[in-house]
Each structure stands twice: as C-alpha cells, then as structure tokens.
Ligand code: 6GU
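In our numbering, the protein residues as written are 53 to 288.
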C-alpha cells in the first residue's frame, strides 16, 4: 500500500518565486510522488481585463488591500481536492512558526498557502476560508517581509523535510537544532588539524558514551549562551 502524496497548494501573485522548490530534496520528493506541490497564480481567478487583485482600503490609509473575490473562487476550487484542507496565511500578525508547528503541519494531507502582500488581504477572506478548511495565520518571526512568498517557502521547506520519505535517512532528522528544544552540537570532519585548529580529542577517542556526553554538554552550553529563551520553555 503506497501512502497518498501530501498535497501542498500555493496561491501567489508571484508564482515564479517558488521555482527553487523543484531543486534538491523537495524536487526529488515531487518526482517520487511523495509530495504534490502546485503553485498557482491568484490572477488566474480574476475575470477583468486588468486581472485586478487589489483595491484601496475602506476607511482610508496607506497601500492597497487584496480584493476578496479572487481568493474566494480560488479557495473554492482548491479546497475541493480534500475533505478539509489546512489553509495557511503567512502573516507577521500570526502565531510564530516553530519546529513544533512544522511537525504538526507535516501530518496534514492537504495544505493551502495563501500569500498576501503585507498591507493585507480583505479580512472576510479569513472568515470565509475557515468555512472550507481550517485557517492558520502564521508568522516567521518579529520582522516584516514584503509578502508571504518567502515565508511560505521557508515553511514548505521545514514541513516538507518532515514528510516521511523526503529525507533519505530519518535519523538525520533527530539530532538537529530545535528537534529536542536545544541547539545542535558542533560538527567536525577531516582533516583533524586545520590551520592550527584541532578537532576536540573526545571525538577521535572512539568512546561513544564519552562522545554522547560531550555533545549533550555542548548543546546545553550553546543553548544557554545563544538562546537562553529556549531553556525556559523546555517542555513546550
Ligand atoms: Cl509570514 N509574512 C510577512 N509578510 N512578513 C513576515 C512574516 C510573514 N513573518 C515574519 N515577517
């Protein structure tokens, strides 16, 4: 029995941003039928001569707001591909994306990413989307990007590599920064001496217990130094 591919649809007015996702691991996953990635131009669901996707904001203010109609028609069409898709709107006003978010989303069978420009999408689109799927507003962190495209690419890469079969050796997913709430331990390869810098002796000792202890200490030490916030949320 072959598991159905995870389907990921992206709605964007800049679909060529996503050309890079055909490269490397995620490209192979698509070729292997594990991942079914469809990037669609939101303007394909406009019906006026100028393919208009935005308009001025009610109440005044700077910038333009994305019109609801193209989103409504596009979501209606894409949502029919599954029972109840998870519809993600990248937004600096959303919940913060973490490795736990990526693990959760990697278990879903159908994700739809709606990339808005940062002045925003008409609020009624989020309400409507929640009637055809489960809506999540998700932010990459506390800074502002020009639109959802780069954030969506980051999320697809983080989620995609957790889909079973995408990363060849699943063990390589375990000992990574953030998988256990700590930063990763440092890695070394040959040569053992490079520009007067030696690889730590313990790694050359062949003593696997000592190596495991040293790596754990390194994880705790660098997490305390660089990301003390992670140590105070250890059981999230
Ligand atoms: Cl998800 N979108 C935008 N436009 N800006 C962001 C972001 C998302 N996350 C951080 N900044």
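Just so it is clear, CB atoms sit at the ideal spot from N, CA and C, and this is done for glycine as well. The structure presented is a predicted model; accordingly, all values stated were derived computationally and were not measured.
Heavy atom of the ligand 6GU less than 8 Å from the Cβ of residue i, yes or no?
| i | result |
| --- | --- |
| residue 64 | no |
| residue 262 | no |
| residue 199 | yes |
| residue 203 | yes |
| residue 115 | no |
| residue 194 | yes |
| residue 146 | yes |
| residue 139 | no |
| residue 347 | Look at the range of the chain in this structure, 53 to 288, and you will see that residue 347 is not part of it. |
| residue 229 | no |
| residue 243 | no |
| residue 257 | no |
| residue 142 | yes |
If you draw a straight line from the C-alpha of residue i to the C-alpha of residue j, how long is it?
| i | j | result |
| --- | --- | --- |
| residue 53 | residue 134 | Per-residue confidence for residue 53 stands at a pLDDT of 46, beneath the threshold of 50, marking its modelled position as unreliable; the derived number appears in the next sentence. Approximately 20 Å, taken between the alpha carbons. |
| residue 146 | residue 254 | 44 Å |
| residue 246 | residue 272 | 26 Å |
| residue 277 | residue 63 | 40 Å |
| residue 248 | residue 193 | 39 Å |
| residue 59 | residue 240 | 37 Å |
| residue 282 | residue 275 | 7 Å |
| residue 252 | residue 264 | 13 Å |
| residue 269 | residue 195 | 32 Å |
| residue 108 | residue 93 | 21 Å |
| residue 158 | residue 209 | 11 Å |
| residue 56 | residue 114 | 45 Å |
| residue 219 | residue 213 | 6 Å |
| residue 284 | residue 236 | 17 Å |
Comparing C-alpha positions only, which one of the options sits nearest to residue i?
| i | options | result |
| --- | --- | --- |
| residue 171 | 91, 144 and 267 | 144 |
| residue 200 | 260, 164 and 285 | 164 |
| residue 151 | 228, 274 and 283 | 228 |
| residue 154 | 174, 188 and 178 | 188 |
| residue 169 | 113, 141 and 161 | 141 |
| residue 230 | 279, 131, 208 and 202 | 279 |
| residue 215 | 68, 111 and 161 | 161 |
| residue 207 | 234, 139, 112 and 258 | 139 |
| residue 74 | 89, 225 and 203 | 89 |
| residue 243 | 267, 260, 256 and 233 | 256 |
| residue 67 | 132, 205, 136 and 175 | 205 |
| residue 69 | 221, 198 and 148 | 198 |
| residue 173 | 118, 235 and 222 | 118 |
| residue 238 | 267, 222, 166 and 116 | 267 |
At a cut of 8 Å, does the region 87-101 reach the region 122-134 through at least three beta carbon pairs? yes
Whole beta strand (DSSP E) elements within the region 133-178, 3-residue minimum: 138-148 and 162-166
Report yes or no: do the region 104-117 and the region 67-86 share at least 3 C-beta pairs separated by less than 8 Å? no
May I ask you to verify whether the region 180-192 touches the region 66-85, counting CB pairs closer than 8 Å and requiring at least 3? no
Runs of alpha helix (DSSP H) lying entirely within the region 180-238, each at least 4 residues, in chain order: 201-212
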